[in-house]
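Trainee: Take this structure first; my questions come after.
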Amino acid sequence: MIIDDALKIVGGYRIYHISLLIILTLLAFDFYSRQILLFVFVGWTPEFKCNYNTSQYNSSEDLDSCLRPSINNTGNGVECDNGFQYFSEGYTSTTIEWNLVCSRKMLKVISQMAYSLGILFSSLVGNTLTDKFGRRFMCWISHVFGVSLGIAISFSPNYETFVVLRFFIAVAASNIINSSTTLLIELFDSERRGLVGTIYQFGWIIGMGFLGITAYLIKDWRELALVTSISPVIWIIVLWKLPESPIWLVANNRIKEAQEFLKKAAKLNRVKILDENVFKIESKRISKIPDSSSIKLEFENFKIELENNGIENSATTKYSMIDLFRDKYLLRHLAIMALLWFTNNTVYYSLMYSTPSLDGNRFVNYTFSTFVEIPAYSVATLAVVKIGRRIPTFIIVMLTSVSLLFVSILPLILSEDPYLRNKLVLLFSLLGKFGSSASFSTVVIYTNELFPTNLRSTAQGVANTVGQIGGMIAPICAEFIADKELNLIPLLFFTVLAFVAAIFTLLLPETRNKPLPQTTKDIRFWYKK
Numbered sequence: 009m010i011i012d013d014a015l016k017i018v019g020g021y022r023i024y025h026i027s028l029l030i031i032l033t034l035l036a037f038d039f040y041s042r043q044i045l046l047f048v049f050v051g052w053t054p055e056f057k058c059n060y061n062t063s064q065y066n067s068s069e070d071l072d073s074c075l076r077p078s079i080n081n082t083g084n085g086v087e088c089d090n091g092f093q094y095f096s097e098g099y100t101s102t103t104i105e106w107n108l109v110c111s112r113k114m115l116k117v118i119s120q121m122a123y124s125l126g127i128l129f130s131s132l133v134g135n136t137l138t139d140k141f142g143r144r145f146m147c148w149i150s151h152v153f154g155v156s157l158g159i160a161i162s163f164s165p166n167y168e169t170f171v172v173l174r175f176f177i178a179v180a181a182s183n184i185i186n187s188s189t190t191l192l193i194e195l196f197d198s199e200r201r202g203l204v205g206t207i208y209q210f211g212w213i214i215g216m217g218f219l220g221i222t223a224y225l226i227k228d229w230r231e232l233a234l235v236t237s238i239s240p241v242i243w244i245i246v247l248w249k250l251p252e253s254p255i256w257l258v259a260n261n262r263i264k265e266a267q268e269f270l271k272k273a274a275k276l277n278r279v280k281i282l283d284e285n286v287f288k289i290e291s292k293r294i295s296k297i298p299d300s301s302s303i304k305l306e307f308e309n310f311k312i313e314l315e316n317n318g319i320e321n322s323a324t325t326k327y328s329m330i331d332l333f334r335d336k337y338l339l340r341h342l343a344i345m346a347l348l349w350f351t352n353n354t355v356y357y358s359l360m361y362s363t364p365s366l367d368g369n370r371f372v373n374y375t376f377s378t379f380v381e382i383p384a385y386s387v388a389t390l391a392v393v394k395i396g397r398r399i400p401t402f403i404i405v406m407l408t409s410v411s412l413l414f415v416s417i418l419p420l421i422l423s424e425d426p427y428l429r430n431k432l433v434l435l436f437s438l439l440g441k442f443g444s445s446a447s448f449s450t451v452v453i454y455t456n457e458l459f460p461t462n463l464r465s466t467a468q469g470v471a472n473t474v475g476q477i478g479g480m481i482a483p484i485c486a487e488f489i490a491d492k493e494l495n496l497i498p499l500l501f502f503t504v505l506a507f508v509a510a511i512f513t514l515l516l517p518e519t520r521n522k523p524l525p526q527t528t529k530d531i532r533f534w535y536k537k
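Numbering (our numbering), first residue to last: 9 to 537.
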């Protein structure tokens, strides 16, 4: 029998697998979401003005925050040369500590771009290593690496050290999320992957929520960075006890270990064992398994076989990244998923990073931005389970495009009615955030289901790499969004980008309730139907 059928029998929504879902959800996002969004608070730029002695100058001119009056009162002002006065209500940030404003403003953007560059590097290298050495091991070693560097960054003596550490933290955080996502997807059978994958995304909201609360309570950015990095230490121990992906084990010809996992899962899930070599499932459950009234899993000789239709055994088939570009179907999948990842990263993080620049309390704005993701993931969960992957992704990404179009044009159409304009802009901004959040949820699942086992993490890594180019330009886009005179440029760009991505999604096959492909022939078979 194929591995998907075996997982269907011993796994499902039983205690052991539900425990793995909860652990991996909390584990991955406890570190990942808080690290990637930490910069919203530690890189915060409060209101400020040039620090100078007003009695030294006889001037009433209204100057930019970056300038002080000139000694001869020419009216133009000169560059601030004695630091700045920040109105931060006792909160600190890297911007305040290292004066990353005015002529040094770009340094703030560079520090966040360094994080995106680290994710890009991890996508190129880490995912290939995950396919080679296993999901659990790479997740564990990345956790050790990330937690250590996260603690170290709170003691950064200067800006340069901070940027370098942010880069390497991103490498670890990215590999944690990618390897844990693939591990979780491969622990469940095809019928349950959709629901499991979207529930997993709720961990992101949990991480965001705890970060907001922690940032509100801890005013010093160094203490905030330290607390955020220390709490995930416990997961290093937990990770070592988790199982390896049975699908990865089979694909790498480690059949005995896959058998041991299935036996352990059956025992902990209380699947009835009538015989040392035979598993039998209750008739109510077994009716869902094709052509089976009792399923034999012979642990001594058990060979998990592919369907007898001429498909080669994935355990002996080895792939490299170049195979993604040789096969026309894999290339199609890769190109479209890369476009979707790029769109999601660009839109989502641009909107997220610009949150502190919005009118009102930054913690309230952050909270609203977090809460909108709850219905987003709920809708995505329902859609992928009841409808599928392709059409929900198309609708969600198109919703993002239309919403951002209205955000772009409403200030021009309703320029004489600021009250109505601001209300509608807020409404469509939240819809845009809703769409980009929901799209993240569906695209992560979709990516894992469109590629064969030994290319799954590699393909996800390539798509994520392209996506991180969007993540790298997101801080720049956020600066444009904060500028009332220039925000039309990124918003129209997002509108067109999301529209194109939505249209191309229709060229992908539906993967709902299909076993994860083991080989490229499995994927070609989809297109022959």
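Glycine included, each C-beta is placed from N, C-alpha and C at the ideal position.
#1: For the pair the region 490-498 and the region 377-390, tell me if three or more CB-CB distances fall below 8 Å.
#2: By Cβ distance, which residues of its chain are closer than 8 Å to V451, with the 5 residues on each side in sequence left out?
#3: According to DSSP, Y94 sits in a beta bridge with which residue or residues?
#4: Quickly, what does DSSP pair L75 with across the bridge? List them, please.
#5: Rounded to whole angstroms, what is the Cα-Cα separation between S164 and L438?
#6: Can you find the residues in the same chain that come closer than 6 Å, C-beta to C-beta, to G478, ignoring five residues on each side of it along the sequence?
#7: Going by beta-carbon coordinates alone, are Y337 and R397 separated by less than 8 Å?
#8: Excluding the 5 residues preceding and the 5 following Y374 in the sequence, name in chain order all residues of the same chain whose CB lies nearer than 6 Å to its CB.
#9: Just checking my contact of T513 with T389 at CB under 8 Å: how many whole Å lie between their CB atoms?
#10: Once DSSP output is grouped into helix, strand and coil, what is the label at Y123?
#11: Rounded to the nearest angstrom, how far is the Cβ of V117 from that of A233, given a contact under 8 Å?
#12: Would you mind listing the alpha helix (DSSP H) stretches within the region 129-178 that are 4+ residues and don't spill past its ends, in chain order?
#13: Does the region 132-150 come close enough to the region 479-490 to have 3 or more Cβ pairs within less than 8 Å?
#14: Report yes if the C-beta distance between N277 and R532 is below 8 Å; otherwise report no.
#15: Should T103 and G217 be called a contact, given that it needs their Cβ atoms to be closer than 8 Å?
#16: What separation, rounded to the nearest whole angstrom, lies between the Cα atoms of P460 and I177?
#17: If contacts are defined as beta-carbon pairs under 8 Å, then L270 and P254 qualify, I think. What distance do you get, rounded to the angstrom?
#18: Excluding the 5 residues flanking L173 on each side, which residues of the same chain have their C-beta closer than 8 Å to its C-beta?
#19: Since I believe A36 is in contact with I242 (beta carbons under 8 Å), could you give me their beta-carbon distance rounded to a whole number of angstroms?
#20: Tell me whether the beta-carbon of L128 lies closer than 8 Å to the beta-carbon of T519.
#21: Three or more C-beta pairs closer than 8 Å, one from the region 149-156 and one from the region 183-197: is that the case here?
#22: Under the three-state reduction of DSSP, which class applies to K116: helix, strand or coil?
#23: Pick out whichever of F175, C88 and G91 has its Cα sitting closest to the Cα of L125.
#24: Looking only at its chain, what residues have a beta carbon closer than 7 Å to the beta carbon of N623, apart from the 5 residues adjacent to it on each side?
#25: Distance, Cα to Cα, Y167 vs Y40?
#26: How many Å lie between T236 and E265 at the Cα?
#27: So for N430, helix, strand or coil by DSSP?
#28: Should D38 be labelled buried (16 or more other beta-carbon atoms within 10 Å of its own) or exposed?
#29: Between which two residues does the alpha helix (DSSP H) containing Q267 stretch?
#30: Assuming Y123 and F47 are in contact, meaning their beta carbons sit under 8 Å apart, how far apart are those beta carbons, in whole angstroms?
#31: Just verifying my parser: in three-state terms, what is the DSSP assignment at T527?
#32: Return the chain-ordered list of same chain residues with a C-beta closer than 6 Å to the C-beta of F333, the five sequence neighbours on each side being excluded.
#33: Inspect the beta-carbon positions of A506 and L412 and report whether they are closer than 8 Å.
#34: Please state the DSSP three-state secondary structure of F459.
#35: Is the Cβ-Cβ distance between F56 and Y24 less than 8 Å?
#36: Identify, in the order they occur along the chain, each residue of the same chain with its Cβ nearer than 6 Å to the Cβ of T33, setting aside the five sequence neighbours on each side.
Mentor: From the atom records:
#1: By the C-beta criterion, the region 490-498 is judged not to be in contact with the region 377-390, since fewer than 3 inter-stretch pairs fall below 8 Å.
#2: As a working note, residue 451 is residue 443 in the sequence shown. Closer than 8 Å at Cβ, skipping near neighbours: M345, L348, W349, N352 and T401.
#3: Within the sequence shown, the letter at position 86 stands for residue 94. Paired residue(s): F56.
#4: For this step, residue 75 is matched to residue 67 along the sequence shown. L75 is bridged to E87.
#5: The residue given as residue 164 occupies position 156 in the sequence shown. The residue given as residue 438 occupies position 430 in the sequence shown. Looking at the backbone, the Cα of S164 and that of L438 are separated by about 36 Å.
#6: Within the sequence shown, residue 478 is the residue found at index 470, counting from 1. Leaving aside the five residues that flank G478 on each side, the residues in its chain whose CB is nearer than 6 Å to its CB run, in chain order, F350, N353 and T354.
#7: One-based indexing of the sequence shown puts residue 337 at position 329. One-based indexing of the sequence shown puts residue 397 at position 389. Not in contact: Y337 and R397 (Cβ atoms no closer than 8 Å).
#8: Here residue 374 corresponds to residue number 366 of the sequence shown, with the count starting at 1. Closer than 6 Å at the Cβ level, and outside the excluded window around Y374, lie G220 and T363.
#9: Locating residue 513 in the sequence shown gives position 505, counting from the first residue. Locating residue 389 in the sequence shown gives position 381, counting from the first residue. Going by Cβ atoms, the distance from T513 to T389 rounds to 18 Å, so no, they are not a contact pair.
#10: By one-based count along the sequence shown, residue 123 stands at place 115. If DSSP states are grouped into helix, strand and coil, Y123 belongs with the helices.
#11: The count along the sequence shown starts at 1 and reaches residue 117 at position 109. The count along the sequence shown starts at 1 and reaches residue 233 at position 225. At roughly 19 Å, the Cβ-Cβ gap does not stay under 8 Å, so V117 and A233 are not in contact.
#12: With a minimum length of 4 residues, the continuous alpha helix (DSSP H) runs that stay inside the region 129-178 are 143-161.
#13: Contact check between the region 132-150 and the region 479-490: fewer than three CB pairs, one atom from each, fall below 8 Å, which does not count as touching.
#14: Start at 1 with the first residue of the sequence shown, and residue 277 comes out as number 269. Start at 1 with the first residue of the sequence shown, and residue 532 comes out as number 524. In this structure, R532 does not lie closer than 8 Å to N277 by Cβ.
#15: Position 95 of the sequence shown, counting from 1, holds the residue named residue 103. Position 209 of the sequence shown, counting from 1, holds the residue named residue 217. No, the pair does not count as a contact, with Cβ atoms beyond the cut-off.
#16: In the sequence shown, the residue the question calls residue 460 occupies position 452. In the sequence shown, the residue the question calls residue 177 occupies position 169. Put simply, the backbone Cα of P460 is about 29 Å away from that of I177.
#17: As a working mapping, residue 270 is identified with position 262 in the sequence shown. As a working mapping, residue 254 is identified with position 246 in the sequence shown. So it is a contact: roughly 7 Å between Cβ atoms.
#18: As a first step, residue 173 is located in the sequence shown; it is residue number 165 there, counting from the start. In chain order, L157, A160, I161 and S164 place their CB closer than 8 Å to the CB of L173, counting only its own chain and leaving out the 5 sequence neighbours on each side.
#19: Along the sequence shown, one-based indexing puts residue 242 at 234. Along the sequence shown, one-based indexing puts residue 36 at 28. Approximately 14 Å separates the beta-carbon atoms of I242 and A36; this is outside 8 Å, ruling out the contact.
#20: As a working mapping, residue 128 is identified with position 120 in the sequence shown. As a working mapping, residue 519 is identified with position 511 in the sequence shown. The criterion of a C-beta distance shorter than 8 Å is not satisfied by L128 and T519.
#21: Yes, they touch.
#22: Numbered from its first residue, the sequence shown carries residue 116 at position 108. Three-state result, K116: helix.
#23: Locating residue 125 in the sequence shown gives position 117, counting from the first residue. L125 has its Cα closest to that of F175, out of F175, C88 and G91.
#24: Within the shown structure, residues of the chain are numbered from 9 to 537, placing residue 623 beyond reach of any answer.
#25: The residue you call residue 167 lines up with position 159 of the sequence shown. The residue you call residue 40 lines up with position 32 of the sequence shown. Distance between the alpha carbons of Y167 and Y40 is about 22 Å.
#26: Start at 1 with the first residue of the sequence shown, and residue 236 comes out as number 228. Start at 1 with the first residue of the sequence shown, and residue 265 comes out as number 257. Between the alpha carbons of T236 and E265 lies a gap of roughly 35 Å.
#27: The sequence position of residue 430 within the sequence shown is 422, counting from 1. N430: helix per DSSP, three-state reduction.
#28: For the purposes of this step, residue 38 is identified with residue 30 of the sequence shown, where counting begins at 1. A buried status is given to D38, since no fewer than 16 other beta-carbon atoms sit within 10 Å of its beta-carbon.
#29: Here residue 267 refers to the residue found at position 259 of the sequence shown. For Q267, the enclosing alpha helix (DSSP H) starts and ends at I263 to L276.
#30: Locating residue 123 in the sequence shown gives position 115, counting from the first residue. Locating residue 47 in the sequence shown gives position 39, counting from the first residue. Your pair Y123 and F47 checks out as a contact, with CB atoms roughly 7 Å apart and the cut at 8 Å.
#31: In the sequence shown, the residue the question calls residue 527 occupies position 519. Three-state result, T527: coil.
#32: In the sequence shown, residue 333 corresponds to position 325, counting from 1. The beta carbon of F333 sits closer than 6 Å to the beta carbons of L339 from its chain, once the five residues preceding and following it are set aside; these are given in chain order.
#33: Residue 506 sits at position 498 when you count from the first residue of the sequence shown. Residue 412 sits at position 404 when you count from the first residue of the sequence shown. Yes, the pair counts as a contact, with Cβ atoms nearer than the cut-off.
#34: Residue mapping note: residue 459 aligns to position 451 of the sequence shown, counting from 1. Three-state result, F459: coil.
#35: Sequence index remark: in the sequence shown, residue 56 carries index 48 (1-based). Sequence index remark: in the sequence shown, residue 24 carries index 16 (1-based). No, the pair does not count as a contact, with Cβ atoms beyond the cut-off.
#36: Position 25 of the sequence shown, counted from the start, is the residue given in the question as residue 33. Within the same chain, T33 has close Cβ partners Y208 and G211.
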